[in-house]
Amino acid sequence: TNYNRTSSLSHVFLVNKLDPKNCISSYLEEKESKALSDWSHSLCYNIPRASNDAVLYCKSIADGDEAKDFKIEDDSVLSAMIKDLADQLINNKVKVNQSSEMSFMDKYLIPAIRRVLLNNAAEEVIYSINGKKPDFMLGFSKKRQDVYCFFVEVKRPNMKSNYQEEGDMTKLLKQLKASIDKQLLLGLRDPTSLGLLMEGFKCSLFKMTLVADGVYLPLLIKLFSLVEEVHEMALLPLIVESLMFVKNELAAAKKRLEEKKTRKEKKAAKERMSADESSQSDDNQRGQKVTEEHRKKACIIT
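See below:
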């Protein structure tokens, strides 16, 4: 695919074990392709699982049964989120203009993001949703720097453009890589970033890591579909499970970033960047120093 070719120029190699045609392995020799496939299938991610009661609650709504008489016995946070969102979706009768990406996302995705990721969030958590690319991003503030680690790209249903210079997938991968590089510059040796590609009601969740110095590997973690109609309510638990995974990953990344780093550790982290990005970072830092010198001279002159 085009985004695989484009992204590989930036040392980004997509691994999609659910769709081999859209995986970097399709460009490799048979032996290397099998090794990569075996490795990706061996990875295990701790994705929270909804209780049977929560799943049955959503199914009863989808089947048109009287859900108000159905009791969820467990008192887990995950079950409470699923029940709250199910009740919201039942009462959400507002029709949206599907020609608008923002309106579409506001109706079908943002309620889940607010309930799972933003409800009772720490003060350091920051997010942006203003209609610009990316369509949504979430992170935290560290030492007066905004570090975004989760990005959402939205393509409304039945939308195709022959005039886009780069697709939403390519944009998402670039954002994930930029997040990894920023974390490296802050001294985090093992950074991660997450991205959600929303193509109509179909969603793909990715996690990017550095598997070797300068080699960025985004891996497809989960596929799920959003709830369009009440009879599709059985899809809701998987949505909440996926966003809870994002929440846990962001909490772990925040904890790693808050740990104090020695100068040696910061240098080692920076060396993990791709050579072109590391060089660009040095140029930016030199430019900042030059700018600072100009400011000092300007102050002296005035």
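Counting in full-length UniProt numbering, the sequence shown runs from 1 upward without gaps. The beta carbon of each residue, even a glycine, is placed where N, CA and C say it ideally should be. Treat the numbers as computed from the prediction; the structure is a model and nothing was measured.
| Item | Value |
| --- | --- |
| Please report the Cβ distance between Ile82 and Pro237, rounded to the nearest whole angstrom; I am assuming they are in contact, meaning their Cβ atoms lie under 8 Å. | 6 Å |
| Closest to Ser60 by CA distance: which of Thr192, Ile239 and Ala86 is it? | Ala86 |
| Does DSSP put Asp146 in a helix, a strand or coil? | strand |
| Return the chain-ordered list of same chain residues with a C-beta closer than 6 Å to the C-beta of Leu226, the five sequence neighbours on each side being excluded. | Tyr108 and Phe201 |
| Going by CA-CA distance only, name the one from Lys207, Cys203, Ser51 and Asp168 that's closest to Leu219. | Lys207 |
| Do Asn248 and Pro111 have their CB atoms nearer than 9 Å? | no |
| Between the beta-carbon of Val240 and the beta-carbon of Ala50, is there less than 9 Å? | yes |
| Taking the alpha carbon of Lys266 as the reference point, which residue from Ser204, Arg189 and Met233 has its own alpha carbon closest? | Arg189 |
| Can you have a look at Lys71 and say buried or exposed, based on whether 16 or more other CB atoms are within 10 angstroms of its CB? | exposed |
| Which class does Thr262 belong to by DSSP, given the choice of helix, strand or coil? | coil |
| Can you give the Cα-Cα distance for Leu235 and Gly195, rounded to whole angstroms? | 20 Å |
| How many Å lie between Leu172 and His231 at the Cα? | 31 Å |
| Just curious, the alpha helix (DSSP H) that Lys59 is in, first and last residue? | Asn52 to Ala62 |
| What is the rounded straight-line gap between the Cα of Tyr127 and the Cα of Ser242? | 18 Å |
| Cα-Cα, which of Phe104, Lys254 and Val77 is closest to Leu138? | Lys254 |
| Tell me which residue opens and which closes the beta strand (DSSP E) that Phe217 is part of. | It is Leu, not Phe, that sits at residue 217 in the sequence shown. Note, Leu217: beta strand (DSSP E), Val215 to Ser225. |
| Where Ser279 and Asp53 are concerned, what is the direct C-alpha to C-alpha distance, given to the nearest angstrom? | Per-residue confidence for Ser279 stands at a pLDDT of 48, beneath the threshold of 50, marking its modelled position as unreliable; the derived number appears in the next sentence. Their backbone Cα atoms lie some 54 Å apart in a straight line. |
| If we count the other Cβ atoms within 10 Å of its Cβ and call it buried at 16 or more, is Leu184 buried or exposed? | buried |
| Across which residues does DSSP place Phe151 in a beta bridge pair? | Met137 and Gly195 |
| Hey, how far is the Cα of Glu229 from the Cα of Met105? | 15 Å |
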